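Just so you know, numbering that gives the first Met the number 0 puts 139 at position 140 of the sequence shown, and the rest follows in order with no gaps. Ideal placement from N, C-alpha and C gives every residue a C-beta, glycine not left out. Predicted model, so just to flag it, every value in this text is computed and none were measured. For reference, the structure is listed below as structure tokens.
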Amino acid sequence: MNYKEEAAALVKTLGEYIDDPSILLDSLGRCSTVIENIPFSFFYGEKEGCLFIQALVGNGHGLHTTALERLLAGNHLWASTAGGIFGLNPEDENIYYSYRLDFPISVDPDVAPYAELLCDIMPLLVGAIEKARDTVEEEAHVSEQTAPPRELVDPSSLA
């Protein structure tokens, strides 16, 4: 079934809730915006019958492997992810958060979908992303301080 209209209604209600009427799915079922200083993208997947929510956590370039493993290990804990997952995109070396909202939202076809669902879950998603950003920033700072000193090269040996 196609739930694009329900997805669009949820995103529109979120936009109204945070007083940003520009938050609307376009004709392709997509929308990008910034919420709480976090870039978000919404995309309705017709084949999957769900609304995908993706957010930029930060740049993973140069992040110590242990820090990245620690962040990704949180994918197994609901409290760490609010039901989404963190991942590193090797193409741009950015860390992203992804969340999937499956339709139908209501198991009873006679009950209207819960229109404020995104309004209620966004604080959880933002909280998980902010915690991940703090972890990435802390680990990046620790990695910089504990990185082994680089070996100096004698310029005369390069000639």
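Could you give the DSSP three-state label for Ala54: helix, strand or coil?
Residue numbering aside, residue 54 sits at position 55 when the sequence shown is read from its first letter. Reduced to three states, the DSSP call for Ala54 is strand.
Based on DSSP bridge pairs, tell me the residues matched to Asp101.
The residue you call residue 101 lines up with position 102 of the sequence shown. As a beta-bridge residue in DSSP terms, Asp101 pairs with Cys49.
Using CA atoms only, rank isn't needed, just tell me which of Tyr43, Ile34, Glu15, Ile37 is closest to Asp25.
Taking the sequence shown and counting its residues from 1, one reaches residue 25 at position 26. The option with the nearest alpha carbon to Asp25 is Tyr43.
Let's see if you can read the secondary structure: which residues bound the alpha helix (DSSP H) around Leu71?
Taking the sequence shown and counting its residues from 1, one reaches residue 71 at position 72. 64–72 is the extent of the alpha helix (DSSP H) around Leu71.
Roughly how many angstroms lie between the CA atoms of Asn58 and Cys49, to the nearest whole one?
For the purposes of this step, residue 58 is identified with residue 59 of the sequence shown, where counting begins at 1. For the purposes of this step, residue 49 is identified with residue 50 of the sequence shown, where counting begins at 1. Taking the Cα positions, Asn58 is about 27 Å away from Cys49.
If Glu5 and Ile104 are in contact, beta carbons under 8 Å, what's the gap, nearest whole angstrom?
In the sequence shown, counting from the first residue as 1, residue 5 sits at position 6. In the sequence shown, counting from the first residue as 1, residue 104 sits at position 105. Rounded, the Cβ-Cβ distance is 7 Å, consistent with contact.
Checking 8 Å against the spacing of the C-beta atoms, do Gly167 and Leu124 come in under that value?
Residue 167 lies beyond the range of the chain shown here (0 to 158); nothing can be said about it.
Which partner residues does Leu87 have in the DSSP bridge list?
By 1-based counting over the sequence shown, the position of residue 87 is 88. Ile94, per the DSSP bridge assignment.
Can you tell me the Cα-Cα spacing of Asp18 and Cys118, whole angstroms?
Sequence index remark: in the sequence shown, residue 18 carries index 19 (1-based). Sequence index remark: in the sequence shown, residue 118 carries index 119 (1-based). The straight-line gap separating the alpha-carbon atoms of Asp18 and Cys118 is approximately 12 Å.
For Gly14, count neighbouring C-beta atoms within 10 Å of its own C-beta (all shown protein chains included) and say buried if the count is 16 or more, exposed if not.
Locating residue 14 in the sequence shown gives position 15, counting from the first residue. Burial call: buried.
Round the Cβ separation of Arg99 and Phe39 to the nearest angstrom and send it over; I've been treating them as touching at under 8 Å.
By 1-based counting over the sequence shown, the position of residue 99 is 100. By 1-based counting over the sequence shown, the position of residue 39 is 40. That pair is no contact at about 14 Å.
Considering only the alpha carbon of each residue, which of Val10, Lys46, Glu45 lies closest to Thr32?
As a working note, residue 32 is residue 33 in the sequence shown. Distance from the Cα of Thr32 is smallest, within the candidate group Val10, Lys46, Glu45, for Val10.
Quick one: using the 10 Å Cβ neighbour count with 16 as the cut-off for buried, is Ala72 buried or exposed?
The count along the sequence shown starts at 1 and reaches residue 72 at position 73. Ala72 should be labelled exposed.
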